[in-house]
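J.: Let me give you the structure first, and then I'll get to my questions.
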Amino acid sequence: MTSLSERLKNLGLSKGSEITVLAKKDTRSLVDELNASTITNDLGKIIVVEKTFPYGYLHGDIQLVDQIDTTEIHKTSKLNGINCNLKKIAFLDTETTGLSGGTGTLAFLIGVGRFGEQGFHLTQYILEDPSEESSLLLALSIYSEEIEEIVTFNGKSFDLPLLKSRFILNRMPVPFTHLKHLDLLHISRRLWRQRLPSRSLKDLEHEILHLPRTEEEVPGWMIPELYFNFLKSGDASLIKNVVYHNAMDIVSLAALFIGITQMLNKDLFYYDLDQMDVFSIGQVYERIGEYSKSIEIYEYCLKQSTFSKNFMIELNNRLGCIYKKQSQSDKAVNLWKNNAENGDYAACIELAKYYEHEAKDTKTALLWTQKADIIIVNSKISRYKKNTQKKELHLRRTRLEKRINGNV
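Residue numbers (the numbering used here): 798 to 1205.
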């Protein structure tokens, strides 16, 4: 009969004393491997890597500049439309021991970049030993004293909540609660959702910045494992590509910030932009209530011949909706008529409302209600939605017919 120990061994289990661990190698130190330095503060020591990308450096298609008006990018990100000093903005990204956050996840590499006198200066703080975490957090806290704003990519959901939890767990004050935060993920989604299926930083690097990464790149999902293997083996070469990955993320973040800022600052009608991007910028301004700007952009888009039929329906409806909000429904009528002739139910309803309540033309309002009824009958929407809209149309049609017959 097979013993219990043999059965466990067959399942891949063994005694603690039999577990093989990665042997410590005779390797170069982390400082030597990364051409880094060690800094010591009141709470311990950490590894620091620094590099400057000079002004004029091209990161893909974007050139790093020392001055740029940030008013529009702040306004469209709902940060009160202020022109923040570029040199007071820190671009931040973390590499962590887990991809989902949580109290058991720590940031073993925190990268921050700022525009300085000579160019974009990148500083990366690295934990050689997790027991030195408080030292790393203190270094970040000191760094934060000189900045007014943090820019991240998905930092609102991941990086900043994670760092906040680490400061709290280490019983340290959270240093960036008073700083403005601009998360480029959200404005990137709004700007490029029309033409890019994915708006991850990697995809934006490829599609917008036109930047290829070198063979030094490692995929993000591998990074926690590489760090754990480094802790076990002491092989500093395992961290080198992680540091490269983090550095490229931060410089790409800065380049994307400049690129979006230039998009919003330039004259849209002379700047070489994809027409879908021009439309998306109009949506961004519509979202924040800058209707004069969005009207200007949408009217420009209407003159272009590059858009599909379905897209033109959306464009007409958006522009018509803005005119209606500004009590200029008469300007929206032709837009709605164009859409209605292309089988758009919503446009028929808007026309029925306009002729009933504003033009006081009940017969024409009834005609557009009947047109909407025909569209609904032939539509491929769900049965529930179709029945709901039929009921609404029946009530509208009944009311209009009573008025025409003099019963109201």
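Note that CB positions come from ideal geometry on N, CA and C, so glycine has one too.
For F888, write down the residues that DSSP places opposite it in a beta bridge.
T.: Within the sequence shown, numbered from 1, the residue matching residue 888 stands at position 91. DSSP output for F888 lists G910, V948 as bridge partner(s).
J.: Cutting at 7 Å between CB atoms, please list the residues of its own chain near K1128, excluding the five before and the five after it.
T.: Here residue 1128 refers to the residue found at position 331 when the sequence shown is read from its first residue. Excluding residues within five positions, the ones whose Cβ falls inside 7 Å are Y1120.
J.: In its own chain, which residues sit with a C-beta less than 8 Å from the C-beta of R1194, not counting the 5 before and 5 after it?
T.: Translated into positions along the sequence shown, residue 1194 becomes position 397. Same-chain partners within the cutoff: L1163, T1166, Q1167, D1170.
J.: Alpha carbon to alpha carbon, how far is H871 from P970? Give it in angstroms, no decimals.
T.: Reading the sequence shown from its first residue, position 173 is the one you call residue 970. Reading the sequence shown from its first residue, position 74 is the one you call residue 871. In a straight line, the C-alpha of P970 is about 27 Å away from that of H871.
J.: If you count every other CB in all the chains shown that lies within 10 Å of the CB of R968, and 16 or more means buried, which is it?
T.: For the purposes of this step, residue 968 is identified with residue 171 of the sequence shown, where counting begins at 1. Exposed, since its Cβ has fewer than 16 Cβ neighbours within 10 Å.
J.: Taking the C-alpha atoms as reference points, what is the distance between L1028 and D926?
T.: In the sequence shown, residue 1028 corresponds to position 231, counting from 1. In the sequence shown, residue 926 corresponds to position 129, counting from 1. Cα-Cα distance, rounded: 8 Å.
J.: Could you tell me whether the Cβ atoms of N1136 and I1110 are closer together than 8 Å?
T.: The residue you call residue 1136 lines up with position 339 of the sequence shown. The residue you call residue 1110 lines up with position 313 of the sequence shown. A contact, by the Cβ cut-off of 8 Å.
J.: Would you give the residue range spanned by the beta strand (DSSP E) that L979 belongs to?
T.: By 1-based counting over the sequence shown, the position of residue 979 is 182. 977 to 980 is the extent of the beta strand (DSSP E) around L979.
J.: Helix, strand or coil for T1159 per DSSP?
T.: Residue mapping note: residue 1159 aligns to position 362 of the sequence shown, counting from 1. Residue state, collapsed to three classes: helix.
J.: Buried or exposed, going by whether 16 or more other CB atoms sit within 10 Å of the CB of M1045?
T.: Position 248 of the sequence shown, counted from the first residue, corresponds to residue 1045. It counts as buried.
J.: List the whole-angstrom C-beta distance separating I984 from T1058, where the pair is believed to meet the contact cut-off of C-beta under 8 Å.
T.: Here residue 984 refers to the residue found at position 187 when the sequence shown is read from its first residue. Here residue 1058 refers to the residue found at position 261 when the sequence shown is read from its first residue. Wrong, their Cβ atoms sit about 10 Å apart, outside the cutoff.
J.: Would you call the CB atoms of L1023 and V1015 closer than 8 Å?
T.: Here residue 1023 refers to the residue found at position 226 of the sequence shown. Here residue 1015 refers to the residue found at position 218 of the sequence shown. In contact: L1023 and V1015 (Cβ atoms closer than 8 Å).
J.: Bridge partners of K848, per DSSP?
T.: Sequence index remark: in the sequence shown, residue 848 carries index 51 (1-based). Answer is L919, bridged to K848.
J.: Just reading off the beta strand (DSSP E) that T1058 is part of, what are its end residues?
T.: Counting from 1 along the sequence shown, the entry for residue 1058 is found at position 261. Unbroken run through T1058 is the alpha helix (DSSP H), 1034 to 1062; no beta strand (DSSP E).
J.: In this structure, how does DSSP classify N1026 when only helix, strand and coil are distinguished?
T.: Stepping through the sequence shown from its first residue, residue 1026 is reached at position 229. Here N1026 sits in helix by DSSP.
J.: When you compare only the Cα positions, how much space is there between I907 and Q1072?
T.: Working through the sequence shown from its first residue, we reach residue 907 at position 110. Working through the sequence shown from its first residue, we reach residue 1072 at position 275. If you take the alpha carbons of I907 and Q1072, they lie about 37 Å apart.
J.: In the DSSP assignment, the alpha helix (DSSP H) including I1110 goes from what residue to what residue?
T.: Mapped onto the sequence shown, residue 1110 falls at position 313. Where I1110 is concerned, the enclosing alpha helix (DSSP H) stretches over 1106 to 1122.
J.: Applying the 10 Å Cβ sphere with the 16-neighbour rule, what's the burial state of G1117?
T.: Stepping through the sequence shown from its first residue, residue 1117 is reached at position 320. Classification of G1117: buried, given that the 10 Å Cβ count is 16 or more.
J.: So, for I1094: in the same chain, excluding its five sequence neighbours on each side, which residues have a beta-carbon less than 8 Å away from its beta-carbon?
T.: Along the sequence shown, read from residue 1 onward, the residue named residue 1094 stands at position 297. Hits under 8 Å: L1065, V1075, F1076, I1078, G1079, Y1082.
J.: Please list the terminal residues of the continuous beta strand (DSSP E) segment that includes I836.
T.: What you label residue 836 is simply residue 39 of the sequence shown in a count that begins at 1. Per DSSP, I836 belongs to the beta strand (DSSP E) from 834 to 838.
J.: Out of L998, T920, I1036, F888, point me to the one whose CA is closest to L979's CA.
T.: Locating residue 979 in the sequence shown gives position 182, where the first residue counts as 1. The option with the nearest alpha carbon to L979 is F888.
J.: So what does DSSP say about G841, is it helix, strand or coil?
T.: On the sequence shown, residue 841 is found 44 positions in, with the first residue counted as 1. Correct three-state label for G841: strand.
J.: Thinking C-alpha only, which one of D866, G853, T835 is nearest V846?
T.: Numbered from its first residue, the sequence shown carries residue 846 at position 49. Of the listed residues, the one whose Cα sits closest to V846 is T835.
J.: Across which residues does DSSP place T1166 in a beta bridge pair?
T.: To locate residue 1166, count along the sequence shown from 1; it is residue 369. None, per the DSSP bridge assignment.
J.: Which same chain residues, not among the five before or five after G1056, have their C-beta less than 6 Å away from its C-beta?
T.: Numbered from its first residue, the sequence shown carries residue 1056 at position 259. Cβ within range, chain order: I859.
J.: Report the partner residues of I859 according to the DSSP bridge assignment.
T.: To locate residue 859, count along the sequence shown from 1; it is residue 62. Bridge partners of I859: H856.
J.: Taking Cβ positions, are A744 and T891 nearer each other than 8 Å?
T.: The requested residue 744 is not part of the displayed model; the chain covers only 798 to 1205.
J.: For T837 and Y940, I'd like the C-alpha separation in whole angstroms.
T.: In the sequence shown, residue 837 corresponds to position 40, counting from 1. In the sequence shown, residue 940 corresponds to position 143, counting from 1. Cα to Cα, the separation comes out at about 14 Å.
J.: Hey, would you say the C-beta of L993 is under 7 Å away from at least one heavy atom of the ligand ADP?
T.: This structure does not include the ligand ADP; it has no bound ligands of any sort.
J.: Between the C-alpha atoms of R804 and V1039, what's the straight-line distance to the nearest angstrom?
T.: Sequence index remark: in the sequence shown, residue 804 carries index 7 (1-based). Sequence index remark: in the sequence shown, residue 1039 carries index 242 (1-based). Only weak support exists for where R804 lies, its pLDDT of 46 falling under 50; the coordinates are left without a value.
J.: Taking Cβ to Cβ, would you say G910 is nearer than 8 Å to T902?
T.: Sequence index remark: in the sequence shown, residue 910 carries index 113 (1-based). Sequence index remark: in the sequence shown, residue 902 carries index 105 (1-based). No. Outside cutoff.
J.: Please return the same chain residues whose Cβ sits closer than 7 Å to the Cβ of S826, not counting the five positions on each side in sequence.
T.: In the sequence shown, the residue the question calls residue 826 occupies position 29. Closer than 7 Å at the Cβ level, and outside the excluded window around S826, lie A1033.
J.: Is F1076 helix, strand or coil when you go by DSSP?
T.: Taking the first residue of the sequence shown as position 1, residue 1076 is located at position 279. F1076: helix per DSSP, three-state reduction.
J.: Is F905 helix, strand or coil when you go by DSSP?
T.: Your numbering for residue 905 matches position 108 in the sequence shown. Strand at F905.
J.: Give the single residue among T974, E946, I944, E945 whose Cα lies nearest to the Cα of P958.
T.: By 1-based counting over the sequence shown, the position of residue 958 is 161. Minimum Cα distance to P958 is reached at T974.
J.: Where does T867 fall in DSSP's three states?
T.: Taking the sequence shown and counting its residues from 1, the one referred to as residue 867 is at position 70. Coil.
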